[in-house]
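Mapping of the sequence shown onto the UniProt record's numbering: position 3 corresponds to residue 3, and the numbering continues sequentially without gaps.
We put the CB at the ideal spot given by N, CA and C, even for glycine.
In what follows, a single structure is set out as structure tokens and then discussed.
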Amino acid sequence: MVERDVSAVADAVKDLFEDSRYADLTISCGERKWRVHKAVVCMRCEYLARNYEDLKPKGNTIELVNEYPNTVAAMLRFLYTNDFDDEIHLDDELEGFQQLAMNIGVYVVADKYQLDDLADLAKDKFSVRRSKAECNAPDFREAIRLTQAYGDDIAYDSWTLETFRDKLLERVMAERESLLDDEDFRVRYFDSIVRCSSSRKDCSARKEETTQKEGGMAGHGLPVPSS
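Structure follows, in structure tokens:
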């Protein structure tokens, strides 16, 4: 009986995310706005509760700046449902976020707003998507770009972002033979991903080994593509 009652309450809270009739707060990001409930978002997110007055400069609206709207939407959905769907915005041409990049972006927002459970969920979803992603796909390239962009900002958890880069690099190195003929990928993305400090030593070792055995490309650790 108790479990059924708890489940009913949880379902009711989930339904509130799509029901703005009793909402008492607006959160905006870019051109998007969400009508939410202070009792939910402030209870679930201590950062919002602690900084509520400072974050509400205009009436009853909190404006979150310097964020991707899609990742804010995922964060708010998580506050109500304890989950987020990394496929919801696959067709959003404005941001181009697909699964890998979406999960990195959600992790960054979770880290900023101190939502450890959301950060862990984003990492888990990233791992699942990474295992299925094609290295030369647009989503994979965007994921590399995001780890570099966020990693250069000291406001974010650089250790975890380097872990994301390590995971991406593992896939790149495993499939490097099929990527050699793509000069754009090699120059724009491979060079970027090896900047992560935790991977640099491994890449250097691979570079020396490849260069000694096959004759390599300086600075890449990859064998020279055949002409």
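Within the continuous beta strand (DSSP E) that includes C29, where are the two ends?
Start and end: 25–29.
Out of L79, Y80, K33, C42, which has the shortest C-alpha to C-alpha gap to Y68?
Among L79, Y80, K33, C42, the Cα nearest to that of Y68 is on K33.
With R32 as the anchor, note down where its alpha helix (DSSP H) starts and where it stops.
Segment 32–36 is the beta strand (DSSP E) holding R32; no alpha helix (DSSP H) there.
Rounded to whole angstroms, what's the CA-CA distance from D11 to V187? Just pull it up for me.
Going by the C-alpha atoms only, they are around 49 Å apart.
Compare the beta carbon distance of N103 and A122 with 8 Å and say whether it is the shorter of the two.
A contact, by the Cβ cut-off of 8 Å.
Under the rule that 16 or more other beta-carbon atoms within 10 Å means buried, what is Q114, buried or exposed?
Classification of Q114: exposed, given that the 10 Å Cβ count is below 16.
Could you pull the start and end residues of the beta strand (DSSP E) that E63 belongs to?
It spans 61–63 - the beta strand (DSSP E) in which E63 sits, taken as one unbroken run.
Tell me whether K56 sits in a helix, a strand or coil according to DSSP, three-state version.
Three-state DSSP puts K56 in coil, outside helix and strand.
Taking just the CA atoms, how far does N70 sit from L78?
According to the sequence displayed, residue 78 carries Phe and not Leu. Each residue's Cα considered, the two are about 12 Å apart.
At 4 residues or longer, what runs of the alpha helix (DSSP H) sit wholly inside the region 125–184?
138–151, 158–174, 176–179, all fully within the region 125–184.
Can you look up E87 in the DSSP assignment and give me helix, strand or coil?
Note: E87 maps to coil in three-state DSSP.
Could you tell me the alpha carbon to alpha carbon distance between V72 and A110, rounded to whole angstroms?
C-alpha separation (whole angstroms): 9 Å.
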